[in-house]
Structure formats: C-alpha cells, structure tokens
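To start, the structure itself, in structure tokens.
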Amino acid sequence: EAQVTQNPRYLITVTGKKLTVTCSQNMNHEYMSWYRQDPGLGLRQIYYSMNVEVTDKGDVPEGYKVSRKEKRNFPLILESPSPNQTSLYFCASSPAQGAYVFFGSGTQLSVL
Amino acid sequence: QKEVEQNSGPLSVPEGAIASLNCTYSDRGSQSFFWYRQYSGKSPELIMSIYSNGDKEDGRFTAQLNKASQYVSLLIRDSQPSDSATYLCAVNMFRETSYDKVIFGPGTSLSVIP
Chain A
1493 EAQVTQNPRY
1503 LITVTGKKLT
1513 VTCSQNMNHE
1523 YMSWYRQDPG
1533 LGLRQIYYSM
1543 NVEVTDKGDV
1553 PEGYKVSRKE
1563 KRNFPLILES
1573 PSPNQTSLYF
1583 CASSPAQGAY
1593 VFFGSGTQLS
1603 VL
Chain B
3 QKEVEQNSGP
13 LSVPEGAIAS
23 LNCTYSDRGS
33 QSFFWYRQYS
43 GKSPELIMSI
53 YSNGDKEDGR
63 FTAQLNKASQ
73 YVSLLIRDSQ
83 PSDSATYLCA
93 VNMFRETSYD
103 KVIFGPGTSL
113 SVIP
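In structure tokens:
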C-alpha cells in the first residue's frame, strides 16, 4: 500500500526538550515536505526537499531542522521546542514538482 | 492578494442537494489544480485534480476550471452527511528561481444536514 508514515501520532513535550518526528514514504517520490496546520492559518510549508541531500526552507522554517539522507526518509527536528510550535504537523511526498501532494496521517504536537 | 482564496464557510447544504465550493488563484501561469478533503483531525486526502479548462467528473464530484477567470470550483452532487468536511483547493504556482510549489487555500468547511 502506498503511504507516507509519520510517527508519533501524538506527542506532548516540554519547552526546550529536543524532539524528532519521523517520516517515511514507500512511493519512491523525489519530493518531500513538512507542513504545519493551525486554525485560521491553514497549511503552511516548513521545509521541503527535492532529492537526497537537497533541502530548502518553506514559509515558516524558524525553529525547525530537516535532513534527507535517504530518499524515503525526511525527519523533522525541533532542537528547542517552544509553545508556539504546538500544532498539527503533516509530512508529505510528491512524485514531481507541482504535482499532487500525498500526506501522512499527521502528528499532533503539544509543547508545554 | 492571497495566492489561493476560498470562502471559509461554513457552507451548509441539505442532504441530497448540490454543494458548490469555489476557489480563485493569483498566478495566471498555474497549470495544475487539486481538491482535497480533510476530516477534522485527519490528513488532507486528494479527491480531484484538473489541468484543462472545462469540467472533469468523477462519481458525484465535478471539478470545473476556468483559467481565464483564474477560477476553479468543486461540485458535489447528492451531498451526503459523510461529505461534511473541510475542502482545500490547491494550485501549482510556477517559481522561476525555485521549484514549482503547490499552494493550499485556507479551506471551506462544508456541513451536510440530514
């Protein structure tokens, strides 16, 4: 089954405690990205990657890091989480530039 | 002007009626258009894509595209309570100095009343 798998589904943490949200896709897609979704603000892109070792900032990259060491994996790292990073996060992959985006099931993050 | 705009709703329609969802976009060069459905707390799910002017039908869903007016719509016929969700319009935006990017609208909340 084609899918984007992200973990964990729910995460509660405290300010300043480093965390990683994992993301893996099995569709051999070159393009992967991370979004956050907040009420009233819609989906906002955090980072994207066009291929292995190629990443770039999206619209709201501050406070986040990513890496793309393998084509299938694209983890999101919060080095020092803050309460304003409480949000619903989605990993996504896409077969080509500007093509449809296929989303993971989401990670609800709460930073206390 | 925002790049992709939608009426936020909520849009309420009775069961069995036609729901009409609208979207406008700013980039005249856009070539790919998508409609996603998102249930509360779930991930967006692609339901329709359209690339050419005119209508594209898939079951109870019809996407309509008018590039001259920079307008794309989604019609849902015979609306069911299970169609109650937020519908996101997404548009491919050409970027000369970076990769083409899919921009999402804010979404329209649809409620189908039994």
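Heads up: the protein sequence lines correspond to chains A and B, in order. The first sequence begins at 1493 in my numbering and counts up one residue at a time. The second sequence begins at 3 in my numbering and counts up one residue at a time. Think of the CB as a built atom: it goes at the ideal place given N, C-alpha and C, for glycine as much as any other residue.
Three-way DSSP call (helix, strand, coil) for residue i in this model
{"i": "residue 1577/A", "result": "helix"}
{"i": "residue 16/B", "result": "strand"}
{"i": "residue 57/B", "result": "strand"}
{"i": "residue 102/B", "result": "coil"}
{"i": "residue 84/B", "result": "helix"}
{"i": "residue 1534/A", "result": "strand"}
{"i": "residue 130/B", "result": "Absent from the structure is residue 130/B, since the part of chain B shown begins at 3 and ends at 116."}
{"i": "residue 1551/A", "result": "coil"}
{"i": "residue 1557/A", "result": "strand"}
{"i": "residue 21/B", "result": "strand"}
{"i": "residue 1519/A", "result": "coil"}
{"i": "residue 1594/A", "result": "strand"}
{"i": "residue 92/B", "result": "strand"}
{"i": "residue 1507/A", "result": "coil"}
{"i": "residue 1586/A", "result": "strand"}
{"i": "residue 10/B", "result": "coil"}
{"i": "residue 47/B", "result": "strand"}
{"i": "residue 30/B", "result": "coil"}
Beta-carbon proximity of residue i to residue j, cut-off 7 Å
{"i": "residue 71/B", "j": "residue 114/B", "result": "no"}
{"i": "residue 94/B", "j": "residue 85/B", "result": "no"}
{"i": "residue 1539/A", "j": "residue 1532/A", "result": "no"}
{"i": "residue 62/B", "j": "residue 39/B", "result": "no"}
{"i": "residue 1557/A", "j": "residue 1569/A", "result": "yes"}
{"i": "residue 1514/A", "j": "residue 1567/A", "result": "yes"}
{"i": "residue 1579/A", "j": "residue 1530/A", "result": "yes"}
{"i": "residue 112/B", "j": "residue 19/B", "result": "no"}
{"i": "residue 1586/A", "j": "residue 1527/A", "result": "no"}
{"i": "residue 1601/A", "j": "residue 106/B", "result": "no"}
{"i": "residue 35/B", "j": "residue 67/B", "result": "yes"}
{"i": "residue 25/B", "j": "residue 74/B", "result": "yes"}
{"i": "residue 64/B", "j": "residue 48/B", "result": "no"}
Exposure of residue i, with buried meaning 16 or more beta-carbon neighbours within 10 Å
{"i": "residue 1588/A", "result": "exposed"}
{"i": "residue 42/B", "result": "exposed"}
{"i": "residue 1507/A", "result": "exposed"}
{"i": "residue 56/B", "result": "exposed"}
{"i": "residue 27/B", "result": "buried"}
{"i": "residue 1519/A", "result": "exposed"}
Residues that residue i bridges to, as DSSP identifies them
{"i": "residue 1513/A", "result": "1568/A"}
{"i": "residue 1539/A", "result": "1526/A and 1549/A"}
Closer than 7 Å to chain E by CB, residue i
{"i": "residue 46/B", "result": "This model lacks chain E altogether; the protein chains it does include are A and B."}
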